[in-house]
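The opening residue of the sequence shown carries number 1 in full-length UniProt numbering; numbering runs sequentially from there. Everything on this sheet refers to the single structure shown next.
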Amino acid sequence: MANYKNNTMESKVAIIGAGISGIAAAKQLSHLKPVVFEASGSIGGVWKHCSYRSTRLQTPRCDYEFSDYLWPERDNSTFPTSTEILEYLHGYATHFDVLKCVRFNSKVVEMRFIGEPDATGPGGIWGADGRPLAGRPVWEVAIKTNGSDTVQWYTFEFVVMCIGKYGDIPKMPVFPMEKGPEVFTGKVMHSIDYCKLNKEEASQLMKGKKVVVIGYKKSAIDLAVECAEANQGEDGQPCTMVIRTLHWTVPSYWIWGLPFFLFYSTRSSQFLHERPNQSFMRHLFCLLSSPMKKAVSRFIESYLAWKLPLKKYGLLPGHPFDEDYASCQMAILPENFFSEADEGRILFKKSPKWCFWEGGIELEDKTKLEADVVFLCTGFDGKSKLKSILPEPYRDYIENSSGVMPLYRGTIHPMIPHMAFVGYLESVSNLHSAELRCKWLARLIDGHFALPTVDKILQQTNEEVEVMKRTTRFYKRHCISTFSINHSDEICKEMGWSTWRKTNWLLEAFSAYNNQDYKEN
Numbered sequence: 001m002a003n004y005k006n007n008t009m010e011s012k013v014a015i016i017g018a019g020i021s022g023i024a025a026a027k028q029l030s031h032l033k034p035v036v037f038e039a040s041g042s043i044g045g046v047w048k049h050c051s052y053r054s055t056r057l058q059t060p061r062c063d064y065e066f067s068d069y070l071w072p073e074r075d076n077s078t079f080p081t082s083t084e085i086l087e088y089l090h091g092y093a094t095h096f097d098v099l100k101c102v103r104f105n106s107k108v109v110e111m112r113f114i115g116e117p118d119a120t121g122p123g124g125i126w127g128a129d130g131r132p133l134a135g136r137p138v139w140e141v142a143i144k145t146n147g148s149d150t151v152q153w154y155t156f157e158f159v160v161m162c163i164g165k166y167g168d169i170p171k172m173p174v175f176p177m178e179k180g181p182e183v184f185t186g187k188v189m190h191s192i193d194y195c196k197l198n199k200e201e202a203s204q205l206m207k208g209k210k211v212v213v214i215g216y217k218k219s220a221i222d223l224a225v226e227c228a229e230a231n232q233g234e235d236g237q238p239c240t241m242v243i244r245t246l247h248w249t250v251p252s253y254w255i256w257g258l259p260f261f262l263f264y265s266t267r268s269s270q271f272l273h274e275r276p277n278q279s280f281m282r283h284l285f286c287l288l289s290s291p292m293k294k295a296v297s298r299f300i301e302s303y304l305a306w307k308l309p310l311k312k313y314g315l316l317p318g319h320p321f322d323e324d325y326a327s328c329q330m331a332i333l334p335e336n337f338f339s340e341a342d343e344g345r346i347l348f349k350k351s352p353k354w355c356f357w358e359g360g361i362e363l364e365d366k367t368k369l370e371a372d373v374v375f376l377c378t379g380f381d382g383k384s385k386l387k388s389i390l391p392e393p394y395r396d397y398i399e400n401s402s403g404v405m406p407l408y409r410g411t412i413h414p415m416i417p418h419m420a421f422v423g424y425l426e427s428v429s430n431l432h433s434a435e436l437r438c439k440w441l442a443r444l445i446d447g448h449f450a451l452p453t454v455d456k457i458l459q460q461t462n463e464e465v466e467v468m469k470r471t472t473r474f475y476k477r478h479c480i481s482t483f484s485i486n487h488s489d490e491i492c493k494e495m496g497w498s499t500w501r502k503t504n505w506l507l508e509a510f511s512a513y514n515n516q517d518y519k520e521n
């Protein structure tokens with residue numbers, strides 16, 4: 001039975017989580033001396049606890065770096081490994097003396113709101129008359145440390161949630177009675193548990209075994225390659241990927257000899273795409289330029305169909321490339337993915353539904369796949385993580401009716417006072433998104449600007465969701481990749497920064513935006 005200790009207030013601000021977002025928040029809010037609670041014994045978040053040995057970043061180094069801390073070899077064209085990313089993050093945290101704020105092995109198990117219950121709501125003003133800091137404690141946070149049954153309560157004026165959408169809680173499929181993993185005589189493992197294995201353990205688990213991987217996103221693709229590499233030789237068995245929904249994958253950031261950023265990451269390219277609260281003339285332009293936008297998507301699709309054996313393996317998605325990019329689901333393929341498939345070590349089966357039988361996996365068409373090991377690369381349930389620690393009624397506000405977290409500037413939930421969320425809005429570079437929004441948050445807390453009313457915040461977040469709905473069927477991922485520059489423009493306006501960050505109009509129109517464009521003014 002847990003023991004409880006009385007409330008203490010050591011800082012005005014708490015940050016929950018020490019991944020990329022948590023460390024970025026701690027640095028930007030360092031003048032407030034925040035306390036960072038990290039459940040594990042190290043920083044890094046998903047890069048530490050949810051990465052395979054083969055996992056690499058999906059973007060070039062220069063697109064995934066803090067604005068005031070460059071990569072040591074930022075011009076290196078290779079995608080950095082998870083180990084390199086952790087080294088880079090640790091270097092950043094050490095350089096800016098952020099680690100002194102972090103309480104390791106300190107897990108948040110419960111939270112209570114002790115502020116005014118009706119301070120936030122439609123028609124009202126978020127927070128204490130629009131101020132993030134209430135002037136007194138409004139959140140109680142319960143912390144349990146490793147090896148202890150004692151729960152220590154702390155109080156804060158403001159809390160920044162940075163526990164992320166990925167890791168910790170796996171998203172598990174639901175099966176009919178007697179069709180789930182309980183009837184399977186082999187081993188079932190979610191990708192998060194596979195990440196905990198060392199190289200030898202992973203190899204022993206897969207070598208010479210009939211393996212089925214459920215999924216076709218990045219984690220499934222990487223795991224299938226590791227399985228194929230473990231099954232080299234005469235005794236090797238093929239790995240079968242069961243694919244519910246096909247998605248576009250790319251071999252590199254070059255399309256027909258042109259750099260990929262020209263199609264989506266410049267101000268001129270994003271001008272073709274709808275954005276929230278656009279004027280009538282912008283709306284008319286988007287309608288008239290729709291054929292050009294479709295042509296760009298087909299241009300990329302034509303290259304991928306030529307470069308990769310998608311038709312050969314029946315892996316051509318039935319939706320435009322645009323939709324995967326707009327939902328941040330474009331995966332970079334490992335170099336040897338299709339070469340392993342050509343050698344017969346990776347097989348593909350498409351089936352929107354599947355279940356278990358005692359000997360393996362049964363597909364919707366009643367085909368039975370024999371298996372010794374089944375890996376579930378079915379994603380994570382990050383919203384359940386939040387709901388498990390937030391109190392009522394706030395846990396019910398996490399998602400709106402569309403299943404999306406309504407976050408103003410990707411950070412403030414209009415119905416949850418004195419709290420910010422960093423790392424829940426996706427873009428091509430999540431590090432860039434996190435850092436810029438932490439800079440915005442720091443200025444909000446310091447009183448450099450005020451938030452609009454809750455009604456206007458809801459109007460803004462609802463408009464963003466509607467734009468995403470019209471852009472992609474996968475809108476629930478809350479990705480802003482097709483209007484990310486406009487999103488950053490709005491943040492810059494509120495901070496009092498210039499929205500045009502380049503040195504001349506030519507670069508402004510046709511060069512890619514990255515974190516170096518958002519250095520402090």
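Think of the CB as a built atom: it goes at the ideal place given N, C-alpha and C, for glycine as much as any other residue. What you are looking at is a predicted structure, and each value in this text was computed from that prediction instead of being measured.
Cα-Cα separation, residue i to residue j
{"i": "L458", "j": "P414", "result": "7 Å"}
{"i": "A202", "j": "F380", "result": "21 Å"}
{"i": "Y52", "j": "Y194", "result": "8 Å"}
{"i": "L425", "j": "M177", "result": "36 Å"}
{"i": "H273", "j": "V467", "result": "10 Å"}
{"i": "Q460", "j": "M111", "result": "28 Å"}
{"i": "R282", "j": "T499", "result": "18 Å"}
{"i": "F271", "j": "V296", "result": "13 Å"}
{"i": "G180", "j": "M241", "result": "18 Å"}
{"i": "W306", "j": "L258", "result": "15 Å"}
{"i": "A450", "j": "G360", "result": "57 Å"}
{"i": "F79", "j": "K207", "result": "27 Å"}
{"i": "T482", "j": "R267", "result": "10 Å"}
{"i": "L262", "j": "Y253", "result": "10 Å"}
{"i": "R437", "j": "S106", "result": "25 Å"}
{"i": "F321", "j": "G314", "result": "16 Å"}
{"i": "K456", "j": "C328", "result": "27 Å"}
{"i": "A420", "j": "K349", "result": "42 Å"}
{"i": "K519", "j": "F356", "result": "52 Å"}
{"i": "K294", "j": "P393", "result": "43 Å"}
{"i": "E362", "j": "E226", "result": "24 Å"}
{"i": "I143", "j": "A220", "result": "34 Å"}
{"i": "P238", "j": "L205", "result": "14 Å"}
{"i": "R470", "j": "I480", "result": "13 Å"}
{"i": "Q152", "j": "T145", "result": "9 Å"}
{"i": "H319", "j": "L407", "result": "28 Å"}
{"i": "R473", "j": "Y325", "result": "11 Å"}
{"i": "L506", "j": "F156", "result": "47 Å"}
{"i": "K187", "j": "M330", "result": "30 Å"}
{"i": "E140", "j": "G130", "result": "21 Å"}
{"i": "G167", "j": "S40", "result": "12 Å"}
{"i": "I300", "j": "F337", "result": "20 Å"}
{"i": "D396", "j": "R409", "result": "21 Å"}
{"i": "H316", "j": "I243", "result": "Correcting the residue type first, residue 316 is Leu in the shown sequence and not His. Rounded to whole angstroms, L316 to I243 spans 12 Å at the Cα level."}
{"i": "F260", "j": "E358", "result": "46 Å"}
For residue i: DSSP bridge partner residues
{"i": "R103", "result": "F37"}
{"i": "L363", "result": "W354"}
{"i": "I346", "result": "C239"}
{"i": "K187", "result": "V373"}
{"i": "P259", "result": "W254"}
{"i": "W139", "result": "F113 and F156"}
{"i": "K144", "result": "K107 and V151"}
{"i": "M161", "result": "I16 and F421"}
{"i": "I332", "result": "V250"}
Whole-Å CB distance - residue i paired with residue j, under 8 Å assumed
{"i": "Y64", "j": "Y92", "result": "Y64 to Y92, Cβ: 12 Å. No contact."}
{"i": "V454", "j": "W126", "result": "6 Å"}
{"i": "I20", "j": "N430", "result": "7 Å"}
{"i": "S351", "j": "E364", "result": "5 Å"}
{"i": "V404", "j": "C162", "result": "At roughly 19 Å, the Cβ-Cβ gap does not stay under 8 Å, so V404 and C162 are not in contact."}
Closer than 8 Å to chain D by CB, residue i
{"i": "K439", "result": "The structure shown contains no chain D, having only a single protein chain."}
Quiz item: Taking contact to mean at least 3 C-beta pairs separated by less than 8 Å, is the stretch 361 to 374 in contact with the stretch 281 to 294?
Solution: A contact between stretches requires three or more CB pairs, one per stretch, nearer than 8 Å, and the stretch 361 to 374 fails this requirement with the stretch 281 to 294.
Quiz item: In the stretch 17 to 66, which residue ranges form an unbroken alpha helix (DSSP H) of at least 4 residues, counting only runs that do not cross its ends?
Solution: The qualifying runs are 20 to 28 and 46 to 49.
Exercise. Give a yes or no on contact between the stretch 226 to 236 and the stretch 383 to 391, applying the rule of three or more CB pairs nearer than 8 Å.
Key: Touching, no, given that fewer than three Cβ pairs across the two stretches are closer than 8 Å.
Quiz item: Okay, do the stretch 245 to 252 and the stretch 205 to 225 touch, 3+ Cβ pairs below 8 Å being the bar?
Solution: Yes, since at least three Cβ pairs between the stretch 245 to 252 and the stretch 205 to 225 fall closer than 8 Å, the two stretches touch.
Quiz item: Are at least three pairs of beta-carbons, each pair with one atom in the stretch 81 to 91 and one in the stretch 44 to 58, less than 8 Å apart?
Solution: Touching, yes, given that three or more Cβ pairs across the two stretches are closer than 8 Å.
Exercise. Report yes or no: do the stretch 399 to 418 and the stretch 182 to 198 share at least 3 C-beta pairs separated by less than 8 Å?
Key: Contact fails: fewer than three Cβ-Cβ distances are below 8 Å.
Self-check item: Completely contained beta strand (DSSP E) runs for the stretch 384 to 421, where each covers 3 or more residues
Solution: Complete beta strand (DSSP E) runs here, min 3: 419 to 421.
Self-check item: Those runs of the alpha helix (DSSP H) which lie wholly inside the stretch 440 to 507 and span at least 4 residues
Solution: 454 to 471 and 484 to 495, all fully within the stretch 440 to 507.
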